[in-house]
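Protein chains in written order, with our numbering: chain A, 1 to 192; chain B, 1 to 192. Inspection log for the structure reproduced underneath, given as structure tokens.
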DNA sequence: GTCTATACGGTGATAGAC
DNA sequence: GTCTATCACCGTATAGAC
């Protein structure tokens with residue numbers, strides 16, 4: 001499909017800013033300034049305004065997240081090794097951004113609960129798709145479908161919580177510890 | 001110590017609103033309206049304005065969190081039983097608020113990283129104190145000091161991540177699963 | 001069809017009345 | 001000391017020029 005450049009630019013800039021600052025903290029003027037897009041274009045491409053733009057940005061983020069996770073998890077056949085390694089990659093990413101990025105959904109996910117059903121649904125969908133990637137990997141590693149789904153939730157929660165604590169503390173020690181702990185946990189967990 | 005009523009009221013209202021909506025989404029006018037405090041009082045008690053008020057609200061939240069966690073964990077001598085039970089209590093709380101509350105620090109913790117050092121420090125301190133409660137419980141349960149600290153981080157991350165996913169999904173199934181999983185994990189984890 | 005200029009409401013903050 | 005009335009600014013959204 002043909003992608004309009006201004007539209008794509010707008011979505012990517014929004015995704016990046018929202019990841020760093022959150023939804024309410026990110027103003028349209030900042031988005032327009034950083035993306036180099038004129039104000040009117042925004043309402044041409046996104047008639048419903050900021051909320052619609054943010055929802056598209058979340059969908060874009062979800063797509064990227066699924067792609068990255070899938071690729072990273074393919075590096076090792078054993079999910080108990082691949083998942084911790086993926087988490088260490090996230091830790092690198094968080095550090096490289098000076099703790100301004102990582103967990104691109106966290107803030108919006110929480111803000112959206114009390115402010116926008118549209119955004120909330122976009123976040124639900126994003127997390128669901130991410131968990132499916134983990135679940136597929138776990139199932140391929142020998143876990144039953146229900147157990148894989150179950151563990152995928154646990155892994156996602158640990159990653160999100162770990163990213164949150166790491167960004168807050170300006171140190172990814174927690175995230176790396178979690179990677180190790182999850183490795184142990186997955187090794188021990190019986191496959192039934 | 002004598003606590004000024006208007007000041008306390010302001011702090012508690014801010015803590016509640018910020019927990020539900022986040023820092024940037026919560027306006028001063030809403031805080032004043034809900035607390036029934038006149039506008040001028042705010043700047044008398046908190047000369048530095050919203051940021052100072054929010055920092056005090058975070059400190060207040062931390063105090064409450066530590067108190068609740070300590071009390072809840074005292075219910076069972078075994079940390080591997082007490083911690084999951086505490087998490088189930090959180091799940092109740094999240095549901096009772098219709099997913100508008102729970103994880104009172106998450107949003108501010110993340111927003112603060114790129115916006116306010118003062119708030120960020122308040123959040124760091126809050127998480128540190130909460131983790132100390134878990135660590136103390138784990139150490140009393142037989143873990144070494146270093147292992148207790150280590151596991152306390154993992155527990156905190158799992159709780160925060162689980163609360164995030166539960167609020168987003170409008171279902172505490174994830175949080176309850178995490179409670180069970182952590183119970184298993186702590187039972188298996190060798191005490192050294 | 002694409003964008004510039006403008007409107008309007010609400011934000012955080014303050015000066016000064018009681 | 002406590003609060004009311006007002007400010008300057010930035011937020012999102014739109015109308016209409018090219």
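For each residue, glycine too, the CB sits at the ideal point set by N, CA and C. Since the model is a prediction, treat every value here as computed from it, not as a measurement.
Original post:
For residue 115 of chain B, which three-state DSSP category applies?
Top reply: Looking up residue 115 of chain B in the second chain gives position 115. If DSSP states are grouped into helix, strand and coil, residue 115 of chain B belongs with coil.
**OP:** May I ask you to report which of helix, strand or coil DSSP gives residue 166 of chain B?
**Re:** Here residue 166 of chain B refers to the residue found at position 166 of the second chain. If DSSP states are grouped into helix, strand and coil, residue 166 of chain B belongs with the helices.
Original post:
Does any CB atom of chain B fall closer than 8 Å to the CB of residue 162 of chain A?
Top reply: Along the first chain, one-based indexing puts residue 162 of chain A at 162. Answer yes: the Cβ-Cβ gap between residue 162 of chain A and chain B drops below 8 Å somewhere.
Original post:
Between the stretch 110 to 123 of chain B and chain A, which residues of the former have CB atoms less than 9 Å from a CB of the latter, in chain order?
Top reply: 110, 111, 112, 113, 114, 115, 120, 123
Original post:
Shortest alpha-carbon distance to residue 17 of chain B belongs to which of B:4, B:100, B:129?
Top reply: Working through the second chain from its first residue, we reach residue 17 of chain B at position 17. Considering only alpha carbons, the answer is B:100.
Original post:
Between the C-alpha atoms of residue 23 of chain B and residue 108 of chain B, what's the straight-line distance to the nearest angstrom?
Top reply: Here residue 23 of chain B refers to the residue found at position 23 of the second chain. Here residue 108 of chain B refers to the residue found at position 108 of the second chain. Residue 23 of chain B and residue 108 of chain B have their C-alpha atoms spaced approximately 6 Å apart.
Subject >> Where the alpha helix (DSSP H) containing residue 40 of chain B begins and where it ends >> reply: On the second chain, position 40 is the one that residue 40 of chain B refers to. Residues 39 to 45.
Original post:
Is any beta-carbon of chain A found at less than 8 Å from that of residue 144 of chain B?
Top reply: Residue 144 of chain B sits at position 144 when you count from the first residue of the second chain. By this cut-off, residue 144 of chain B is not an interface position.
**OP:** Anything in the stretch 62 to 96 of chain B with a Cβ closer than 7 Å to a Cβ of chain A? List those residues in chain order, please.
**Re:** none
Subject >> Start and end residues, alpha helix (DSSP H) containing residue 101 of chain A >> reply: By 1-based counting over the first chain, the position of residue 101 of chain A is 101. Run containing residue 101 of chain A: none; DSSP gives neither H nor E here.
**OP:** Please decide whether residue 181 of chain A counts as near chain B, where near means a Cβ-Cβ distance under 8 Å.
**Re:** Residue mapping note: residue 181 of chain A aligns to position 181 of the first chain, counting from 1. Chain B, which has a Cβ nearer than 8 Å to the Cβ of residue 181 of chain A, makes this yes.
Original post:
What separation, rounded to the nearest whole angstrom, lies between the Cα atoms of residue 28 of chain A and residue 111 of chain A?
Top reply: Taking the first chain and counting its residues from 1, the one referred to as residue 28 of chain A is at position 28. Taking the first chain and counting its residues from 1, the one referred to as residue 111 of chain A is at position 111. Taking the straight line from one Cα to the other gives about 17 Å.
Subject >> Neighbourhood of residue 170 of chain B by C-beta distance below 8 Å, restricted to the same chain and skipping five residues each side >> reply: By one-based count along the second chain, residue 170 of chain B stands at place 170. Cβ neighbours of residue 170 of chain B beyond the five flanking positions: 99.
Original post:
Would a C-beta distance cut-off of 8 Å place residue 62 of chain A and residue 89 of chain A closer than the cut-off?
Top reply: In the first chain, counting from the first residue as 1, residue 62 of chain A sits at position 62. In the first chain, counting from the first residue as 1, residue 89 of chain A sits at position 89. Cβ atoms of residue 62 of chain A and residue 89 of chain A: not closer than 8 Å.
Original post:
Using the beta-carbon count (16 or more within 10 Å), is residue 1 of chain B buried or exposed?
Top reply: In the second chain, residue 1 of chain B corresponds to position 1, counting from 1. At residue 1 of chain B the pLDDT is 45, less than 50, meaning the model places this residue with poor confidence; the figure from the coordinates comes in the next sentence. Its Cβ having fewer than 16 others within 10 Å, residue 1 of chain B is exposed.
Original post:
Does the beta-carbon distance from residue 127 of chain B to residue 105 of chain B come in below 8 Å?
Top reply: As a working note, residue 127 of chain B is residue 127 in the second chain. As a working note, residue 105 of chain B is residue 105 in the second chain. For residue 127 of chain B and residue 105 of chain B, yes; Cβs fall inside 8 Å.
**OP:** Using beta-carbon positions only, say whether residue 161 of chain A and residue 159 of chain B come within less than 8 Å of one another.
**Re:** Translated into positions along the first chain, residue 161 of chain A becomes position 161. Translated into positions along the second chain, residue 159 of chain B becomes position 159. Closer than 8 Å, so yes.
Subject >> Nearest to residue 34 of chain A (by Cα), restricted to the options A:11, A:185, A:56, A:183 >> reply: The residue labelled residue 34 of chain A in the question sits at position 34 within the first chain. When only C-alpha atoms are compared, the closest one is A:11.
Original post:
Given a threshold of 16 other Cβ atoms within 10 Å of its Cβ, counted over all protein chains shown, does residue 120 of chain A qualify as buried or as exposed?
Top reply: For this step, residue 120 of chain A is matched to residue 120 along the first chain. Flag for residue 120 of chain A reads buried.
**OP:** Return the residue from the list B:138, B:44, B:38, B:172 that minimises the CA-CA distance to residue 82 of chain B.
**Re:** Residue 82 of chain B sits at position 82 when you count from the first residue of the second chain. For the residues B:138, B:44, B:38, B:172, the minimum Cα distance to residue 82 of chain B belongs to B:138.
Original post:
Are there 16 or more other CB atoms within 10 angstroms of the CB of residue 192 of chain B, so buried, or fewer, so exposed?
Top reply: Here residue 192 of chain B is taken as the residue at index 192 of the second chain, counted from 1. Residue 192 of chain B is exposed by the Cβ-count criterion.
Original post:
Going along the chain, which residues of its own chain have a beta-carbon closer than 6 Å to the beta-carbon of residue 45 of chain B, five neighbours each way excluded?
Top reply: For the purposes of this step, residue 45 of chain B is taken as the residue at position 45 of the second chain. 7.
Subject >> Where residue 26 of chain A falls, given that 16 or more other Cβ within 10 Å makes a residue buried >> reply: Numbered from 1 along the first chain, position 26 holds the residue referred to as residue 26 of chain A. Buried: at least 16 other Cβ atoms inside 10 Å.
Subject >> C-alpha distance - residue 153 of chain B paired with residue 131 of chain B, whole-angstrom precision >> reply: Here the question's residue 153 of chain B lines up with position 153 in the second chain. Here the question's residue 131 of chain B lines up with position 131 in the second chain. Rounded to the nearest angstrom, the two C-alpha atoms are 6 Å apart.
**OP:** Leaving aside the five residues before and after residue 76 of chain A along the sequence, list all residues of the same chain whose C-beta is less than 7 Å from its C-beta, in chain order.
**Re:** For the purposes of this step, residue 76 of chain A is taken as the residue at position 76 of the first chain. Closer than 7 Å at Cβ, skipping near neighbours: 82, 85.
Subject >> Own chain partners of residue 97 of chain A with C-beta closer than 8 Å, once the 5 adjacent residues on each side are dropped >> reply: Your numbering for residue 97 of chain A matches position 97 in the first chain. The residues are 20.
**OP:** Please name the residue in B:40, B:13, B:41, B:114 whose C-alpha comes closest to that of residue 30 of chain B.
**Re:** Along the second chain, one-based indexing puts residue 30 of chain B at 30. Checked all of B:40, B:13, B:41, B:114; the closest Cα to residue 30 of chain B is B:13.
Original post:
Is the Cβ of residue 167 of chain A closer than 8 Å to any Cβ of chain B?
Top reply: Taking the first residue of the first chain as position 1, residue 167 of chain A is located at position 167. For residue 167 of chain A, the answer is yes, since a Cβ of chain B falls inside 8 Å of its Cβ.
**OP:** Can you tell me which of A:38, A:122, A:163 puts its alpha carbon nearest to the alpha carbon of residue 194 of chain A?
**Re:** Because residue 194 of chain A is not part of the residues shown, which for chain A are 1 to 192, the question remains open.
Original post:
Quick one: complete alpha helix (DSSP H) runs, 4+ long, within the stretch 48 to 83 of chain A?
Top reply: 50 to 73
Original post:
Which whole-angstrom value describes the C-beta separation of residue 167 of chain A and residue 102 of chain A, a residue pair presumed to lie in contact below a C-beta threshold of 8 Å?
Top reply: The residue given as residue 167 of chain A occupies position 167 in the first chain. The residue given as residue 102 of chain A occupies position 102 in the first chain. Yes, they are in contact, since the Cβ atoms of residue 167 of chain A and residue 102 of chain A sit about 6 Å apart, within 8 Å.
Subject >> residue 57 of chain A versus residue 50 of chain A: straight-line alpha-carbon distance, rounded >> reply: Working through the first chain from its first residue, we reach residue 57 of chain A at position 57. Working through the first chain from its first residue, we reach residue 50 of chain A at position 50. Each residue's alpha carbon lies about 10 Å from the other.
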